[in-house]
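Heads up: the sequence shown begins at 415 in this note's numbering, then just goes up one per residue.
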Amino acid sequence: MRKQTREEATWRFLGYTFVLLVTLLMMVPIYWIIVASTLPEQAFLSAGTDIQLLPGANFLANLEALQARESVDFIQSIWNSVFIAVVYTVLSLVLCSMGGFAFAKYEFRFKEPIFYSILATLTLPIQLLVIPLFLLISQMGLTNSYWAIILPWAANPLGIFLMRQNMKQIPDALLESARIDGATEFQLYYRIALPTMKSSLAALAIVLFLFQWNLFLFPLVVLEQGKYTIPVAINELVGAQRVYYDQIMVAAALSIIPLFIVFLFLQRHFVSGILAGSVKE
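Below you can see the structure in the form of C-alpha cells.
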C-alpha cells in the first residue's frame, strides 16, 4: 500500500511539474510583449546580439509615440473593440442559448439537417465569406458601423453546438412538470434552462469574446478610420517601408488587459463549462 501511494505521489508530482513547465513556456511570449513595450525601438533592431529580458523605462514614450500617429487613434480603437466584443458576446449568448435550447428540447421537421447545416458553416473560411457579407452589409446600409461587425457572426454555430450539447442534460421531466404548473415556453428557457447553464454560458462568453476580439479581415474591409478595432489599428503600424516595433509592442500589451479581465472574472466557470457538454448522447 505504501509503495502504491509513493508511486501515485511521484506520478502526481511529475504531472504537476510538466503542467508548470508548459504554463511557463506559454507565458514566455506574453512576458516578452510586456518587456518589449518598455524598450526603445533600437532594442528591437539589436535584439539579435543583445536580448533584454528585464523591463525598461520607455513605456510612456512608446505610448506617446503611438498616440501621436495621425493614421490611428489607438485609445479609440480599444474602446471600439471593447464595445463591439461586449455587445456581440451578450447578443450571441442570447441567440446561441435560444438556438441550443430549441435543438436540444424541441422536435420539429428537418431538425437534424438544419442543425448539421449550421455546423457545416464552421468549415467555411472567413476569406470565402468576406465578399458576400460585405455586399449584404452594404445593402443594409451598415458599412462603417459597429453593427457591421456584430450582426454577421451573432448566431455563432460553435455557440449553438455547445449550448445544444449542454442543454441536452436538462431532464425532460423537469420541463414537463413546469409546463403542467403553467409555465410558458419562454419561462422554460429563461427560468429553468438558463440558470442551470451558468458555467457553460461563462465558458462560451470567453470563446465568443476572444473570437470577436481577434477578428481582423472583415473589420479591415468594412470599417474606416475612427471605427478601427485593435487588430486593424495594429496593422496600420506596419508600413511598406518601416515597421514601428516599439508602438506595436505597446499596442499588443494594452490589448491583453481586457482579455485578462474577462478571463479573471469568468475563469472559475471556464473548465466546468467546457466539460459540461462532453457527455455522450
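Built from N, CA and C at the ideal position, the CB exists for glycine as well.
Exercise. By how many angstroms is the C-alpha of residue 504 removed from the C-alpha of residue 537?
Worked result: Translated into the one-based positions of the sequence shown, residue 537 becomes position 123. Translated into the one-based positions of the sequence shown, residue 504 becomes position 90. In this structure, the alpha-carbon of residue 537 lies about 24 angstroms from that of residue 504.
Problem set entry | Sequence-distant residues of its chain with Cβ nearer than 6 angstroms to residue 578 (five each side left out) | Position 164 of the sequence shown, counted from the first residue, corresponds to residue 578. The residues 514, 517 and 518, in chain order, have a CB closer than 6 angstroms to that of residue 578 in the same chain once the five nearest residues on each side in sequence are set aside.
Exercise. Name the DSSP bridge partner or partners of residue 652?
Worked result: The residue given as residue 652 occupies position 238 in the sequence shown. Beta-bridge pairing links residue 652 to 657.
Problem set entry | Spatially closest choice to residue 455 from 675, 680, 664 and 674, by CA coordinates | Along the sequence shown, read from residue 1 onward, the residue named residue 455 stands at position 41. Selected option, being the one with the closest Cα: 664.
Exercise. How big is the Cα-Cα spacing for residue 691 and residue 574?
Worked result: In the sequence shown, counting from the first residue as 1, residue 691 sits at position 277. In the sequence shown, counting from the first residue as 1, residue 574 sits at position 160. Confidence is the limiting factor: at residue 691 the pLDDT is only 48, short of 50, which leaves the residue's position unreliable and the question unanswerable from this model.
Exercise. For the candidate residues 566, 479 and 533, whose alpha-carbon lies nearest to that of residue 549?
Worked result: Stepping through the sequence shown from its first residue, residue 549 is reached at position 135. Considering only alpha carbons, the answer is 566.
Exercise. Hey, quick one: how far does the alpha helix (DSSP H) through residue 568 stretch, first residue to last?
Worked result: Translated into positions along the sequence shown, residue 568 becomes position 154. For residue 568, no alpha helix (DSSP H) encloses it, and the DSSP letter there is neither H nor E.
Problem set entry | Inter-stretch contact (C-beta, 8 angstroms, three-pair minimum) for the segment 605-612 and the segment 633-650 | At 8 angstroms Cβ cutoff, the stretches do not touch.
For this session: Classify residue 626 as buried or exposed, calling it buried when 16 or more other Cβ atoms lie within 10 Å of its own Cβ.
Result: Looking up residue 626 in the sequence shown gives position 212. Residue 626 comes out buried.
For this session: Using beta-carbon positions only, say whether residue 669 and residue 485 come within less than 9 angstroms of one another.
Result: The sequence position of residue 669 within the sequence shown is 255, counting from 1. The sequence position of residue 485 within the sequence shown is 71, counting from 1. No, Cβ-Cβ distance for residue 669 and residue 485 is not below 9 angstroms.
Exercise. Between the Cα of residue 540 and the Cα atoms of 630, 586 and 624, which residue gives the shortest distance?
Worked result: In the sequence shown, the residue the question calls residue 540 occupies position 126. Closest by alpha carbon: 630.
Exercise. When DSSP labels each residue in this structure, what does residue 677 get in the three-state scheme?
Worked result: Here residue 677 is taken as the residue at index 263 of the sequence shown, counted from 1. Helix at residue 677.
Exercise. Do residue 482 and residue 452 have their C-beta atoms closer together than 9 angstroms?
Worked result: Counting from one through the sequence shown, the residue named residue 482 turns up at place 68. Counting from one through the sequence shown, the residue named residue 452 turns up at place 38. Going by C-beta atoms, residue 482 is not nearer than 9 angstroms to residue 452.
Exercise. When DSSP labels each residue in this structure, what does residue 476 get in the three-state scheme?
Worked result: Sequence index remark: in the sequence shown, residue 476 carries index 62 (1-based). Helix.
Exercise. Residue 658: buried (16+ other C-beta within 10 angstroms of its C-beta) or exposed?
Worked result: Position 244 of the sequence shown, counted from the first residue, corresponds to residue 658. Looking at its Cβ environment, which holds 16 or more other Cβ atoms inside 10 Å, residue 658 is buried.
Exercise. Count the other CB atoms within 10 Å of the CB of residue 545; is the residue buried (16 or more) or exposed (fewer)?
Worked result: Here residue 545 refers to the residue found at position 131 of the sequence shown. The Cβ neighbour count for residue 545, taken over all protein chains shown within 10 Å, is under 16; the residue is labelled exposed.
For this session: Using the Cα positions of residue 624 and residue 647, report the straight-line distance between them to the nearest angstrom.
Result: Here residue 624 refers to the residue found at position 210 of the sequence shown. Here residue 647 refers to the residue found at position 233 of the sequence shown. So the two alpha carbons sit approximately 17 angstroms from each other.
For this session: Answer with buried or exposed for residue 660, where buried requires no fewer than 16 other C-beta atoms within 10 angstroms of its C-beta.
Result: Position 246 of the sequence shown, counted from the start, is the residue given in the question as residue 660. The residue in question, residue 660, is buried, as its Cβ has 16 or more Cβ neighbours within 10 Å.
For this session: Assuming residue 571 and residue 535 form a contact by the criterion Cβ under 8 angstroms, report the distance between their Cβ atoms to the nearest whole angstrom.
Result: Along the sequence shown, read from residue 1 onward, the residue named residue 571 stands at position 157. Along the sequence shown, read from residue 1 onward, the residue named residue 535 stands at position 121. That belief holds up - the Cβ atoms of residue 571 and residue 535 are roughly 5 angstroms apart, short of 8 angstroms.
Problem set entry | For residue 642 and residue 587, the rounded distance between their alpha carbons | Reading the sequence shown from its first residue, position 173 is the one you call residue 587. Reading the sequence shown from its first residue, position 228 is the one you call residue 642. For the pair residue 587 and residue 642, the Cα-to-Cα distance works out to about 49 angstroms.
For this session: Could you have a look at residue 429 and say whether DSSP puts it in helix, strand or coil?
Result: Within the sequence shown, residue 429 is the residue found at index 15, counting from 1. Three-state DSSP puts residue 429 in a helix.
For this session: Compute the Euclidean distance between the alpha carbons of residue 553 and residue 676, then round it to the nearest angstrom.
Result: Taking the sequence shown and counting its residues from 1, one reaches residue 553 at position 139. Taking the sequence shown and counting its residues from 1, one reaches residue 676 at position 262. Going from the Cα of residue 553 to the Cα of residue 676 covers about 34 angstroms.
Exercise. Rounded to a whole number of angstroms, what is the C-alpha to C-alpha distance between residue 448 and residue 477?
Worked result: Taking the sequence shown and counting its residues from 1, one reaches residue 448 at position 34. Taking the sequence shown and counting its residues from 1, one reaches residue 477 at position 63. One C-alpha to the other measures close to 13 angstroms.
Exercise. How should residue 520 be labelled, buried or exposed, when 16 other C-beta atoms within 10 angstroms of its C-beta is the threshold for buried?
Worked result: What you label residue 520 is simply residue 106 of the sequence shown in a count that begins at 1. Only exposed fits residue 520, as fewer than 16 other CB atoms lie within 10 angstroms of its CB.
For this session: Using alpha carbons as the reference points, say which of 450, 492, 420 and 429 lies closest to residue 673.
Result: Translated into positions along the sequence shown, residue 673 becomes position 259. Among 450, 492, 420 and 429, the Cα nearest to that of residue 673 belongs to 492.
For this session: Determine, using beta carbons only, whether residue 619 and residue 533 come nearer to each other than 9 angstroms.
Result: Translated into the one-based positions of the sequence shown, residue 619 becomes position 205. Translated into the one-based positions of the sequence shown, residue 533 becomes position 119. Remark: C-beta atoms of residue 619 and residue 533 do not approach each other more closely than 9 angstroms.
Problem set entry | DSSP three-state assignment for residue 609, whether helix, strand or coil | Here residue 609 is taken as the residue at index 195 of the sequence shown, counted from 1. Annotated three-state conformation of residue 609 is helix, per DSSP.
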